[in-house]
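To start, the structure under review is shown below, and the notes come after it.
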């Protein structure tokens, strides 16, 4: 990577920290990010960027930095919504909003991409092609901001798309990546069991929805162990079970809620069918009625082969061999997957964990934090990819027809 780009990013580090801490103090939930969007817009304009579209897929912002020569268009994405969590850290920049917190690092994503935008704008004359900045709202809650931004044309005239997540369970100084499936599809299920209520002393004239629901939970565990190819990962979890009003009353209804995590689309569809079958047949066996609500969440993140190879080469050249480490697939979900269904590219983790600065809690924890130096690592990774695709003498080959890959 061009050393002057790296040097300029380091000069902006104090500003990046300042931006991150301001955003951390003023978090906004998904679909309500009015002030955050305005903050991003003001910063982009202050850098001299003029080709900016606002209200893309909600509060999204798409900014394009034009190079002086023709070439590819490389999109870089950062999300900026917060979570409904009450912060329990003791940092000086703690959230000012009760029960709302940047507990997933999106404030760091945004500040990283702003720092990158400033450097690229200052060096736009060196580019053969364009850099497109995707500032995305509403990543945390389906249907998510990615699909809405795509519908509004954020990927029009884009050739490649890249994104990163600052990851607190990967040590600072390490970059975690994987070719192919990287993060899982994350679906939501709700199962309603209708029985027949009655007195706890007379189960024979009732239909116990609790007993039926318990059987459903047990049988659902058989889907992964007996219906899914053991070489293909899947998770079926029931995390919520609601029923009953008193200890001596047989519950009329019971409600189960949970999540399904998969990578392979065929496995995803099989689990849907098996889940319907189990609920229907278990309920029939006990004379109850069951209804399944299955809501598709984000698709699985699939990193394209050619772009991942270029990424690994770029990381080795920028940080030295051994910094970018291939890691196991993650069962968490990410709506960056929607971008990768439309355009070639990839997504990676920038290691942000460091117990010495209190960055040892998992994402979505009320004490979540990250080592702010990771913003430099993530920023340099973005810049190295821009350098590879828009400044190299020979442009790397792109994955053909990305939408047909997975």
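Numbering (my numbering), first residue to last: 2 to 407. Glycine included, every Cβ here is placed at the ideal spot set by N, Cα and C.
Closest by C-alpha distance to residue i, when choosing among the options
| i | options | result |
| --- | --- | --- |
| residue 173 | 359, 401, 395 and 398 | 359 |
| residue 121 | 143, 69 and 96 | 69 |
| residue 289 | 144, 198, 336 and 260 | 198 |
| residue 351 | 30, 321 and 106 | 106 |
| residue 353 | 100, 363 and 140 | 363 |
| residue 103 | 37, 162 and 42 | 37 |
| residue 325 | 381, 372 and 283 | 381 |
| residue 136 | 296, 77, 238 and 273 | 77 |
| residue 337 | 171, 161 and 39 | 161 |
| residue 81 | 117, 100, 21 and 262 | 21 |
| residue 296 | 261, 283 and 306 | 261 |
| residue 356 | 98, 117, 169 and 144 | 169 |
| residue 258 | 244, 396, 267 and 284 | 244 |
| residue 242 | 361, 274, 217 and 32 | 217 |
| residue 224 | 285, 180, 280 and 346 | 280 |
| residue 283 | 219, 323 and 321 | 219 |
| residue 371 | 238, 6 and 171 | 171 |
| residue 256 | 191, 201 and 200 | 191 |
Where residue i falls, given that 16 or more other Cβ within 10 Å makes a residue buried
| i | result |
| --- | --- |
| residue 35 | exposed |
| residue 246 | exposed |
| residue 154 | exposed |
| residue 4 | exposed |
| residue 398 | exposed |
| residue 96 | buried |
| residue 230 | exposed |
| residue 248 | exposed |
| residue 334 | buried |
| residue 29 | buried |
| residue 41 | buried |
| residue 344 | buried |
| residue 138 | buried |
| residue 226 | exposed |
| residue 47 | exposed |
| residue 157 | exposed |
| residue 109 | buried |
| residue 100 | exposed |
| residue 252 | buried |
| residue 44 | buried |
| residue 13 | buried |
| residue 145 | buried |
| residue 298 | buried |
| residue 49 | exposed |
| residue 250 | exposed |
| residue 285 | exposed |
| residue 31 | buried |
| residue 200 | exposed |
Residue i, enclosing alpha helix (DSSP H) - first and last residue
| i | result |
| --- | --- |
| residue 266 | 266-286 |
| residue 341 | 338-341 |
| residue 390 | 375-391 |
| residue 1 | Lying before the first or after the last residue shown, residue 1 is absent from the chain, which here runs from 2 to 407. |
Sequence-distant residues of its chain with Cβ nearer than 8 Å to residue i (five each side left out)
| i | result |
| --- | --- |
| residue 71 | 129 and 130 |
| residue 2 | 315, 318, 319, 381, 384, 385 and 388 |
| residue 11 | 377 |
| residue 271 | 228 and 229 |
| residue 339 | 145, 147, 148, 151, 299 and 300 |
| residue 365 | 84, 86, 104 and 105 |
| residue 392 | 3, 127, 128 and 129 |
Where the beta strand (DSSP E) through residue i begins and ends
| i | result |
| --- | --- |
| residue 243 | 235-244 |
| residue 263 | 254-263 |
| residue 193 | 186-195 |
| residue 75 | 70-80 |
| residue 86 | Per DSSP, residue 86 belongs to no beta strand (DSSP E) and is neither H nor E. |
Same chain only: Cβ atoms within 6 Å of residue i, ignoring 5 sequence neighbours per side
| i | result |
| --- | --- |
| residue 9 | 120 |
| residue 254 | 195 and 210 |
| residue 164 | 78, 337 and 348 |
| residue 287 | 213 |
| residue 240 | 259 |
| residue 265 | 233 |
| residue 67 | 131 |
| residue 98 | 28 |
Cβ neighbours of residue i in the same chain (closer than 7 Å, five flanking residues each side left out)
| i | result |
| --- | --- |
| residue 379 | 113, 165, 167 and 351 |
| residue 268 | 229, 233 and 235 |
| residue 374 | 173 |
| residue 308 | 161, 345, 346, 347 and 400 |
### Message
Three or more C-beta pairs under 8 Å: does that hold for the region 172-191 against the region 87-101?
### Response
no
### Task
State whether the region 136-150 contacts the region 234-245, with contact taken as three or more CB pairs (one from each stretch) at a distance under 8 Å.
no
### Segment contact, 8 Å Cβ cut-off, at least three pairs: the region 294-307 with the region 184-204
yes
### Message
Quick test of the definition: if touching needs 3 or more C-beta pairs under 8 Å, does the region 52-66 touch the region 102-117?
### Response
The region 52-66 vs the region 102-117: no contact.
### Message
Pairs of beta-carbons, one from the region 199-210 and one from the region 305-315, closer than 8 Å: are there three or more?
### Response
no
### Query
Do the region 326-335 and the region 276-292 meet, that is, are 3 or more Cβ pairs less than 8 Å apart?
Judged by Cβ distances under 8 Å, the region 326-335 makes no contact with the region 276-292, as fewer than three pairs qualify.
### Message
Check whether the region 72-82 and the region 47-59 touch, using three or more Cβ-Cβ pairs below 8 Å as the test.
### Response
no
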